[in-house]
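J.:
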Amino acid sequence: MMTAASYSLDLQHISKVYRGGVHALRGISLQVNRGEIFGLLGPNGAGKSTLVKIIMTVVRPSRAEGTILGQKIGHKPTLARIGYLPENHRFPRYLTGRQTIEFFAAMSKVDRATARKRTRELLETVRMSEWADRKVSTYSKGMLQRIGLAQALVNDPELVLLDEPTDGVDPVGRREVLDVLGRLREQGKTVFINSHALSELETICDRVAILAKGQVAMQGTLEDLTFARAHYEIEVDMADSASDRLRITSAIAATWQAVDAPLPSGLAASALSDVLSVGALRPVSDRGRLPNNQWIELRGSALHVGTSNFGDIQGIVDALRTARFAIKRIEHVRTSLEDLFMEAITDPTTGHLATPGAARHAPKSERESL
Amino acid sequence: MRQTLAILVDAYRDLHSKMLFWITMVLSLSVILALATIGATDHDMSFLRWHWTPRFADPHLFYRAVVVSVVVIGIWLSWGALILALVSTAGIFPEFIASGSIELYLARPISRLRLFVSKYFASLLFVLLQITVFAIGCFLVIGIRDGEWRPDIFLAIPLITLMFSYIYAFCVLLGVWTRSTVAALLLSILLWLFFSGVQRLEVNLHVFTLGTEKTIARVSTDIKGLEERAQAVPKNLLDFQPGLSRTRLEADRSRLQGLQKAQSVLRPLHVFLECLNYAVPKTVDTNNLLDRWLARADDLPSDDDSGPSGPDFFDIDSRDLRAATRETVAGQRRQTIQYIVGSSAAVEIAVLSLAAWIFCRRDY
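Just so you know, the sequences run in chain order A and B.
What the first sequence shows, in numbering that gives the first Met the number 0, is residues 0 to 369, in sequence order.
What the second sequence shows, in numbering that gives the first Met the number 0, is residues 0 to 363, in sequence order.
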């Protein structure tokens with residue numbers, strides 16, 4: 000049982016309505032455990048940056064409950080324990096890299112001796128020691144990101160919020176940044192990343208939340224989210240004909256002796272009457288469900304079965320073989336973060352992807368609650 | 000404290016990196032060098048190797064009244080240096096609150112109000128440094144070339160910084176509101192001109208109103224005297240009395256009417272400007288404080304009135320105009336520093352409060 004104290008971030012009902020009625024956030028609730036790397040994903044305009052800015056007191060929420068490191072949202076002294084790298088940051092161009100880190104250390108109330116020591120160490124960590132005494136106006140985007148990461152860590156924060164930390168960083172630099180984040184986790188720090196780089200998040204995040212239209216569309220550990228969507232794909236040597244699909248369906252139905260299982264998709268309408276006559280399958284939805292509650296779907300020449308247990312598909316394989324189908328391939332398919340992302344931002348009713356940008360007006364029920 | 004110090008050091012680094020800071024510094028030093036070319040002794044004045052004796056004033060008085068007061072204080076310190084300072088600092092707040100920059104500051108354990116106030120005072124560093132260097136230079140040059148060491152020239156440092164801060168408060172408000180450096184700069188300069196205009200116009204209208212009042216009293220007395228004398232003289236002899244003709248009486252009455260008509264326009268206008276003057280920062284008066292403190296008793300205009308008489312501006316008698324000017328100047332000199340600085344600071348605080356309110360309430 001997690002308590003508020005075990006969360007670095009415990010956000011409840013975070014809402015933000017900008018002037019002009021733009022609903023950037025609509026009651027976000029999410030929790031980030033201490034010592035984990037949490038990824039926040041979402042299309043442009045989903046409200047990711049607004050959420051981070053609310054946490055960092057840059058934007059004032061319309062409504063916010065919950066805690067950050069055990070303190071109320073907006074508690075300024077707590078910010079001394081948080082590191083922050085904003086998106087598209089603009090460091091003072093007249094400062095050198097070293098001065099930039101030391102300046103923001105001072106702004107975070109780090110004493111001078113510690114700031115100098117930490118700055119030296121962090122410059123090493125982000126591999127910028129050689130360029131430390133040059134003006135930031137001469138830096139490339141990747142170098143600026145490295146300095147940005149260093150200034151976010153200069154106060155030895157318990158929680159680090161990074162908005163697009165690898166934006167503009169070359170592949171080697173990306174790997175280094177991710178290594179730094181991994182080390183932070185080992186030190187027990189919490190890292191909150193806001194990013195579009197799904198492949199990077201997939202390799203490093205313990206948990207993710209996907210925002211769409213100012214709401215949390217999905218939240219959980221990567222394992223939980225992807226495991227629920229993992230399945231086996233059985234490719235069968237068959238002609239793309241209604242009769243073959245009917246043979247497959249009948250074979251599976253006979254094996255399971257199912258009565259109320261829904262009809263797998265892909266069956267031609269002409270085949271329905273035959274299937275129904277044997278009482279095997281009943282047309283309910285695109286995705287059928289077997290009596291053991293595993294989903295099954297026929298797409299092209301491949302059967303997809305919603306299980307990660309190889310034993311569960313043995314019966315199906317036997318049924319197909321009995322019906323004299325040759326099996327070309329059996330593959331355990333894992334859902335990628337990108338698949339999850341696409342699923343989260345797709346409107347289930349229309350199948351359309353969410354359009355970029357925040358909604359101008361909230362649904363009526365939400366307006367009433369605000 | 001550490002944060003405030005960091006903001007001050009940062010402001011210094013910012014100024015240090017600005018080309019305009021160094022241009023202004025070079026111009027300040029040029030003015031000091033130019034001042035060093037002019038000298039005054041008890042007998043004559045000098046420009047480089049040339050010497051001459053001023054015909055209308057004591058050389059030291061001429062040096063202080065014209066060279067120091069008009070050129071150094073009136074032109075350079077009051078306008079030149081401050082316009083350059085405003086150009087240099089107008090962008091500080093718009094750049095500070097720009098997207099990508101402000102987040103780095105707001106995400107720190109410092110309140111928005113303290114951040115705003117620290118940044119504001121740090122921005123005044125530009126003028127403070129420039130004027131300090133200039134005051135040191137002036138002190139040395141005036142001491143060497145005029146032969147009089149005037150440590151009170153260092154009063155220019157707080158006074159000019161204070162005067163700049165009045166205008167800069169408006170610049171900050173406009174910068175925070177519009178987020179545009181150009182808008183903040185141009186509108187601030189316009190406001191500055193407006194404030195100076197209001198103050199100078201109020202002073203001039205005060206002179207004219209007072210002068211008109213005096214001349215009305217003078218002409219009324221004349222008319223009364225003429226009328227009394229006219230009653231004592233037989234009517235058939237009236238036209239033959241020198242200085243007592245009907246023509247003169249009528250002319251005086253007509254002049255009185257004209258003056259009263261002018262007064263009916265000047266007085267409400269002056270009252271309006273006087274009220275307006277209460278509400279604007281007193282840039283001119285603050286600047287005059289320095290002039291007032293640097294001036295010595297023998298630099299001031301005497302009460303001796305041996306000038307010509309007769310109608311002048313608005314048909315006011317020249318003597319009355321001179322008297323009104325003296326009274327106005329004396330009145331200005333009687334204005335307390337508490338009133339000048341206090342009323343200006345009140346406006347500045349009100350403007351800054353509004354700017355701080357916008358800064359603190361805004362989402363970035």
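C-beta: ideal position from N, C-alpha, C; glycine also.
Tell me where the alpha helix (DSSP H) around R382 of chain A begins and ends.
T.: Past the boundaries of the shown model lies residue 382 of chain A; chain A is included only from 0 to 369, so the question cannot be answered.
J.: Three or more C-beta pairs closer than 8 Å, one from the region 145 to 154 of chain B and one from the region 52 to 69 of chain B: is that the case here?
T.: Output reads yes: the region 52 to 69 of chain B touches the region 145 to 154 of chain B.
J.: Please list the residues of the region 90 to 111 of chain B that have a C-beta atom closer than 8 Å to any C-beta atom in chain A, keeping them in chain order.
T.: Going along the region 90 to 111 of chain B in chain order, one finds A97, S98, G99, S100, I101, E102, L103, Y104, L105, A106, R107, P108, I109, S110 with a Cβ nearer than 8 Å to chain A.
J.: May I ask you to list the residues that DSSP assigns as paired with L8 of chain A?
T.: In DSSP, L8 of chain A forms a bridge with A:V31, A:I67.
J.: Using the three-state DSSP reduction, which class does I233 of chain A fall into: helix, strand or coil?
T.: Looking at I233 of chain A - three-state DSSP - the assignment turns out to be strand.
J.: Spatial neighbours of I22 of chain B within its chain, please: C-beta separation below 8 Å, excluding the five flanking residues on both sides.
T.: Only L83 meet the Cβ criterion.
J.: What in chain A is Cβ-close to R291 of chain B, meaning under 9 Å?
T.: Within 9 Å Cβ-Cβ: nothing; R291 of chain B doesn't reach chain A, min ~39 Å.
J.: Give the straight-line distance between the Cα atoms of A104 of chain A and G310 of chain A, rounded to the nearest whole angstrom.
T.: Looking at the two C-alpha atoms, the distance is approximately 57 Å.
J.: Classify E296 of chain A: buried if its beta carbon has 16 or more other beta carbons within 10 angstroms, exposed otherwise.
T.: Buried, because 16 or more other Cβ atoms sit within 10 Å of the Cβ of E296 of chain A.
J.: Go ahead and pull the three-state DSSP assignment for L47 of chain B.
T.: Three-state result, L47 of chain B: coil.
J.: Using a cut-off of 8 Å between C-beta atoms, extract the partners of K75 of chain A located in chain B.
T.: By Cβ distance, chain B contributes P108, I109, S110.
J.: How many Å lie between L161 of chain B and Y277 of chain B at the Cα?
T.: Roughly 17 Å between the two C-alpha positions.
J.: Out of curiosity, what's the CA-to-CA distance linking S98 of chain B and E163 of chain A?
T.: Each residue's Cα considered, the two are about 15 Å apart.
J.: Would you mind reading off the limits of the beta strand (DSSP E) that contains I101 of chain B?
T.: Premise fails: I101 of chain B lies in the alpha helix (DSSP H), 101 to 105, not in any beta strand (DSSP E).
J.: Taking S128 of chain A as the reference, which of A:D110, A:E35, A:P156, A:Q98 has the closest Cα?
T.: It is A:Q98.
J.: Between the C-alpha atoms of G314 of chain A and V304 of chain A, what's the straight-line distance to the nearest angstrom?
T.: Rounded to whole angstroms, G314 of chain A to V304 of chain A spans 12 Å at the Cα level.
J.: Is the number of C-beta pairs between the region 111 to 125 of chain A and the region 28 to 42 of chain B that are closer than 8 Å three or more?
T.: Short answer: they don't touch.
J.: Hey, D236 of chain A and K140 of chain A are a contact pair by Cβ (cut 8 Å); roughly how many whole angstroms apart?
T.: No, D236 of chain A and K140 of chain A are not in contact; Cβ-Cβ is about 51 Å, not under 8 Å.
J.: Our contact map puts P280 of chain B next to Y167 of chain B with C-beta atoms below 8 Å; I'd like the distance itself, whole angstroms only.
T.: Not quite, the Cβ-Cβ distance comes to about 10 Å (not below 8 Å), so this is no contact.
J.: Which residues in chain C sit within 9 Å of T118 of chain A, going by Cβ to Cβ distance?
T.: The chain labelled as chain C is not found among the protein chains of the depicted structure, namely A and B.
J.: For A325 of chain A, which of helix, strand or coil comes out of DSSP?
T.: Strand at A325 of chain A.
J.: Would you say S240 of chain A lies against chain B (beta-carbon separation less than 8 Å)?
T.: No - not a single Cβ of chain B is within 8 Å of the one on S240 of chain A.
J.: From the DSSP output, read off the bridge partner residues of N276 of chain B.
T.: The partner list for N276 of chain B (beta bridge, DSSP) is empty, contrary to what the question assumes.
J.: Give a yes or no on whether 8 Å exceeds the smallest Cβ distance from P156 of chain A to chain B.
T.: No, its Cβ sits nowhere closer than 8 Å to a Cβ of chain B.
J.: Grouping DSSP H, G and I as helix and E and B as strand, with all else coil, what is R366 of chain A?
T.: Caution applies to R366 of chain A, whose pLDDT of 47 falls short of 50 and renders its modelled position unreliable; the model cannot decide the point.
J.: Compile a chain-ordered list of the residues in the region 4 to 33 of chain B whose CB is closer than 7 Å to at least one CB of chain A.
T.: Of all residues in the region 4 to 33 of chain B, A5, D9, R12, D13, S16 have a Cβ within less than 7 Å of some Cβ in chain A.
J.: Whose CA, out of B:N286, B:N287, B:A231, B:V218, lies closest to the CA of S253 of chain B?
T.: Checking every option, the nearest Cα to that of S253 of chain B belongs to B:V218.
J.: Between B:L275, B:L128, B:W148, which lies nearest to C137 of chain B when the distance is taken from Cα to Cα?
T.: It is B:W148.
J.: Counting only beta-carbon separations shorter than 8 Å, does K52 of chain A have a partner in chain B?
T.: Closer than 8 Å: yes.
J.: Tell me, please, which residues DSSP counts as bridged to N193 of chain A.
T.: BP columns for N193 of chain A point to A:L39, A:D162.
J.: Of all the CB atoms in chain A, is at least one closer than 8 Å to the CB of Y363 of chain B?
T.: Yes, because at least one Cβ of chain A sits closer than 8 Å to the Cβ of Y363 of chain B.
J.: So which residues on chain A does S1 of chain B lean against when the C-beta distance must stay under 9 Å?
T.: It should be noted that the sequence gives Arg, not Ser, for residue 1 of chain B. Correct list: A105, M106, K108, V109, D110, R111.
J.: Which whole runs of the alpha helix (DSSP H) in the region 123 to 178 of chain A are 4 residues long or more, in chain order?
T.: Here the runs fully enclosed are 140 to 152.
J.: Between which two residues does the beta strand (DSSP E) harbouring M18 of chain B extend?
T.: Note, M18 of chain B: premise wrong, no beta strand (DSSP E); alpha helix (DSSP H) at 18 to 35.
J.: Would you tell me roughly how many angstroms separate the C-alpha atoms of L184 of chain B and L143 of chain A, rounded to the nearest one?
T.: Between L184 of chain B and L143 of chain A, the C-alpha separation is close to 31 Å.
J.: With distance defined between alpha-carbon atoms, name the residue in A:D178, A:M217, A:R126 nearest to Q186 of chain A.
T.: Minimum Cα distance to Q186 of chain A is reached at A:D178.
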